[in-house]
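Trainee: Start counting the sequence shown at 6; every next residue gets the next number (the numbering used here).
Pasting a structure here, questions to come.
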Amino acid sequence: MVQPVIQKTKVNLGERSYDIVVGENIIDDAAAYIMPFLNRSRTVIVTNKIVAKHQLPRLEHNFTENKIDYETIILPAGESTKSFSYFEKLLDDLLKLRLERSDVIIALGGGVIGDLVGFVASVYLRGINFIQIPTSLLAQVDSSVGGKTGINSAYGKNLIGAFHQPVFVLIDVTTLETLEKRHIVAGYAEIVKYGLINDQAFFNWLEINGPTLISGPGKEHLPLRIEAIVKSCKAKAAVVAADEKEAGKRALLNLGHTFAHALETENGYNSELYHGEAVAMGIILAFELSYIMKLCSQSDVDRIKNHFEATGAKSIKEFSFDIDNLIEHMKGDKKMTAGKLVFVLTKGIGQSFLSKEVNMNDVKTVLENAIKV
6 MVQPVIQKTK
16 VNLGERSYDI
26 VVGENIIDDA
36 AAYIMPFLNR
46 SRTVIVTNKI
56 VAKHQLPRLE
66 HNFTENKIDY
76 ETIILPAGES
86 TKSFSYFEKL
96 LDDLLKLRLE
106 RSDVIIALGG
116 GVIGDLVGFV
126 ASVYLRGINF
136 IQIPTSLLAQ
146 VDSSVGGKTG
156 INSAYGKNLI
166 GAFHQPVFVL
176 IDVTTLETLE
186 KRHIVAGYAE
196 IVKYGLINDQ
206 AFFNWLEING
216 PTLISGPGKE
226 HLPLRIEAIV
236 KSCKAKAAVV
246 AADEKEAGKR
256 ALLNLGHTFA
266 HALETENGYN
276 SELYHGEAVA
286 MGIILAFELS
296 YIMKLCSQSD
306 VDRIKNHFEA
316 TGAKSIKEFS
326 FDIDNLIEHM
336 KGDKKMTAGK
346 LVFVLTKGIG
356 QSFLSKEVNM
366 NDVKTVLENA
376 IKV
């Protein structure tokens, strides 16, 4: 029997350090990884209806084989689940199950489930441990790592939440096989982000391997996906270890997100625009803003645009956004400091930096140029 390839990365946070394990079909052996974190042989799995159909049976079968008692809570899929109503519902459900403070909650799903479960875990009985088993590419390379948890508000995305680190992250690349290509392409934007922030060599690698990485199903993309996921997790782990609560360097991980969150808020958090799709648009806008501020070259902008286009990313021109509303949404961004909006700008591929010195007229110009037909 061929042993699966398993790679491990540590997020170094002192006593709160934890491992990220990445591999093939390891969800079928999840109990071996999770049992050391269980104070008693009981846990609660929180997932959504779509993931419950494809991945939950694998986890349940493994838990049953290993005599782990579990309850399952299944929530609706979609960004609208990151809300006060489902936050309250999940808390009530856990209280009814009499989950104890020494127990562990398992988040099985994409970024929505991970963010919601993590936030609930941060306040349930004043804090309970949770484990991330991310099943979307976006969650595997970004949201499952780093302890950012939260829900959305009518005033903006992720404005209510807490920093609450998981105790373990288990990433099974085979869970991606059941996803529509649109979800893979959306998650891929977060991978590209790591190359654009400070690793030009990684972006160069993605330009060569990206189209194969996002394609599927098939076997040729699995090692590429594992390599990209591990690379992304290592990059994020290093940043989180240096700046857990985003006092400085960690804000670089928001490349494109100031624009992206405004696009999502204006669009009403619906399925017409996934988070990763908004991030791809936001990254392009951040490069275009940097260009008109004479920080990077037009060739850099074109290179980014061409890469996203080659991988099938959605274009901002497919939407009708109100520019004034977008700017108002940006002003509610959680990274506002002393009344100034912080943007991640770039001097070129792999050369991103933070700036509070952005003229909002330049932002408006970039949006007008991007959105006009």
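For every residue, glycine included, the Cβ atom is placed at its ideal position computed from N, Cα and C.
#1: Quick check on lysine 23: does DSSP put it in helix, strand or coil?
#2: Write down the C-beta distance between isoleucine 39 and isoleucine 136 rounded to the nearest angstrom, noting that I regard them as a contact closer than 8 Å.
#3: Compare the beta carbon distance of glutamate 282 and alanine 375 with 7 Å and say whether it is the shorter of the two.
#4: With distances taken between CB atoms, is the gap from lysine 162 to glutamate 269 smaller than 7 Å?
#5: Answer with buried or exposed for aspartate 329, where buried requires no fewer than 16 other C-beta atoms within 10 angstroms of its C-beta.
#6: If I follow the unbroken beta strand (DSSP E) through tyrosine 38, where does it start and stop?
#7: By Cβ distance, which residues of its chain are closer than 6 Å to glutamine 12, with the 5 residues on each side in sequence left out?
#8: Using CA atoms only, rank isn't needed, just tell me which of Asn157, Asn44, Ala194, Ala167 is closest to serine 141.
#9: Taking the DSSP output, what are the residues bridged to arginine 47?
#10: Using three-state DSSP, classify isoleucine 354 as helix, strand or coil.
#11: Secondary structure at serine 220, three-state DSSP: helix, strand or coil?
#12: Mind checking who proline 139 pairs with in its DSSP beta bridge?
#13: Where are the alpha helix (DSSP H) runs, 4 residues long or more, that stay fully inside the region 173-224, in chain order?
#14: Note the first and the last residue of the continuous beta strand (DSSP E) segment covering valine 244.
#15: Rounded to whole angstroms, what's the CA-CA distance from glycine 200 to valine 146? Just pull it up for me.
#16: In its own chain, which residues sit with a C-beta less than 8 Å from the C-beta of histidine 169, not counting the 5 before and 5 after it?
#17: Is there contact here, the region 75-87 with the region 113-120, by at least three beta-carbon pairs under 8 Å?
#18: On the criterion of 16 or more Cβ atoms from any shown chain inside 10 Å, does isoleucine 213 qualify as buried, or is it exposed?
#19: Tell me which residues share the same chain as isoleucine 289 and place their Cβ nearer than 8 Å to its Cβ, disregarding the 5 neighbours each side in the sequence.
#20: At which residues does the beta strand (DSSP E) containing asparagine 163 begin and terminate?
#21: Count the other CB atoms within 10 Å of the CB of serine 149; is the residue buried (16 or more) or exposed (fewer)?
#22: Express the C-alpha separation of glutamate 277 and glutamate 271 in angstroms, rounding to a whole number.
#23: Work out the CA separation of isoleucine 196 and valine 7 for me, nearest whole Å.
#24: CB-CB under 8 Å to isoleucine 219, same chain, minus the five flanking residues each way: which ones, in chain order?
#25: Taking all protein chains shown into account, decide if lysine 361 is buried (16 or more other Cβ within 10 angstroms of its Cβ) or exposed.
#26: Could you tell me which uninterrupted alpha helix (DSSP H) segments, each at least 4 residues in length, are contained entirely in the region 86-133, listed from first to last along the chain?
#27: Rounded to whole angstroms, what is the Cα-Cα separation between alanine 265 and alanine 242?
#28: Could you pull out every residue in the same chain whose Cβ sits closer than 6 Å to the Cβ of threonine 14, ignoring the five residues on either side in sequence?
#29: Less than 7 Å between the C-beta atoms of glutamate 29 and threonine 179, yes or no?
#30: Could you check which residue in Thr77, Leu350, Leu164 has the C-alpha nearest to that of aspartate 120?
#31: Any idea what DSSP makes of serine 148, helix, strand or coil?
#32: Does DSSP put valine 7 in a helix, a strand or coil?
#33: I believe phenylalanine 348 touches leucine 300 by the beta-carbon criterion, under 8 Å. Please report the beta-carbon distance rounded to the nearest angstrom.
#34: Buried or exposed for phenylalanine 89, please, with buried defined as at least 16 other CB atoms from any protein chain shown within 10 angstroms of its CB.
Mentor: According to the structure data:
#1: For the record, residue 23 in the displayed sequence is tyrosine; it is not lysine. In this structure, tyrosine 23 counts as strand in the three-state DSSP scheme.
#2: Right, their Cβ atoms sit about 6 Å apart.
#3: no
#4: yes
#5: exposed
#6: Here tyrosine 38 belongs to no beta strand (DSSP E); instead the alpha helix (DSSP H) covers 35-39.
#7: Val27, Val235
#8: Ala194
#9: Asp74
#10: coil
#11: coil
#12: Gly114
#13: 186-203, 205-219
#14: Looking at the DSSP string, valine 244 is not in any beta strand (DSSP E); the run it does join, the alpha helix (DSSP H), is 227-247.
#15: Rounded to the nearest angstrom, the two C-alpha atoms are 13 Å apart.
#16: Gly123, Phe124, Ala126, Ser127, Gly132, Phe135, Gly152, Thr154
#17: yes
#18: exposed
#19: Gly261, Val306, Ile309, Lys310, Phe313, Ile321, Ala375
#20: Per DSSP, the unbroken beta strand (DSSP E) holding asparagine 163 starts and ends at 161-168.
#21: buried
#22: 12 Å
#23: Because the pLDDT of valine 7 is 44, which lies under 50, any placement of that residue in the model is unreliable, and the number read from its coordinates should be weighed accordingly. One C-alpha to the other measures close to 29 Å.
#24: Lys186, Ile189, Val190, Tyr193, His226, Thr316, Gly317
#25: exposed
#26: 89-101, 116-128
#27: C-alpha separation (whole angstroms): 23 Å.
#28: Ile25, Cys238, Lys239, Ala242
#29: yes
#30: Leu164
#31: helix
#32: Here the model assigns valine 7 a pLDDT of 44, short of 50, so the residue's position is not dependable, and the following value carries that caveat. Three-state result, valine 7: coil.
#33: Taking 8 Å as the upper bound for CB-CB distance, phenylalanine 348 and leucine 300 are not in contact here, some 11 Å apart.
#34: Exposed is the call here.
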